[in-house]
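Working notes for the structure below.
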Amino acid sequence: MASKLVEFEEGKIGIALNLEFVLMGDGLLIQKRSSVKATGRIAQIPVSEAYLDHVINALAKPIDGRGEISASESRLIESPAPGIISRRSV
């Protein structure tokens, strides 16, 4: 199932899941009968070694007070995990 992004008329982004939406952020401004349009994009998350040793929220935004984190790559949020052989031991 591809997680397609939608945008509400209030500018908020959500993920379309079947016939429902999951908001990415607060939905305080969204009202009943707000229009929604498809963005044509699939939900992705930034990935980078720079995220190590940081505290982030569910939207990959830093919440540790150490500034923004730069990432040049992104990965689909619904992608298979790396194989067990290619992972480092914990």
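Per my numbering, residue 13 is the first one in the sequence shown, and the count goes up by one each step.
Ideal Cβ placement from N, Cα and C applies to all residues, glycine included.
Do you know offhand how far residue i's Cα is from residue j's?
{"i": "Val-59", "j": "Ile-68", "result": "12 Å"}
{"i": "Leu-17", "j": "Ala-50", "result": "6 Å"}
{"i": "Gly-37", "j": "Ser-101", "result": "34 Å"}
{"i": "Ser-86", "j": "Ile-57", "result": "5 Å"}
{"i": "Glu-22", "j": "Ser-46", "result": "8 Å"}
{"i": "Gly-52", "j": "Ile-75", "result": "29 Å"}
On the criterion of 16 or more Cβ atoms from any shown chain inside 10 Å, does residue i qualify as buried, or is it exposed?
{"i": "Ala-55", "result": "buried"}
{"i": "Lys-24", "result": "buried"}
{"i": "Gly-79", "result": "exposed"}
{"i": "Gly-77", "result": "exposed"}
{"i": "Gly-26", "result": "buried"}
Give every residue of the same chain whose Cβ lies closer than 7 Å to the Cβ of residue i, excluding the five residues on either side of it in the sequence, and list them in chain order.
{"i": "Ile-89", "result": "Ser-15, Ala-55, Gln-56, Ile-57"}
{"i": "Leu-31", "result": "none"}
{"i": "Gly-39", "result": "Lys-24"}
Check for me: the beta strand (DSSP E) holding residue i runs from which residue to which?
{"i": "Ala-50", "result": "48 to 54"}
{"i": "Val-18", "result": "16 to 20"}
For residue i, I'd like the list of residues in its chain whose CB is within less than 8 Å of its CB, leaving aside the five on either flank, ordered along the chain.
{"i": "Tyr-63", "result": "Ala-72, Ile-81, Ala-83"}
{"i": "Ile-42", "result": "Phe-20, Glu-22, Lys-24, Leu-35"}
{"i": "Phe-33", "result": "Val-18, Gly-26, Ile-27, Val-48"}
Using 8 Å as the cut-off, classify the Cβ of residue i as near or not near the heavy atoms of the ligand MN, replying yes or no.
{"i": "Ile-75", "result": "No copy of the ligand MN occurs in the structure displayed, which carries no ligand at all."}
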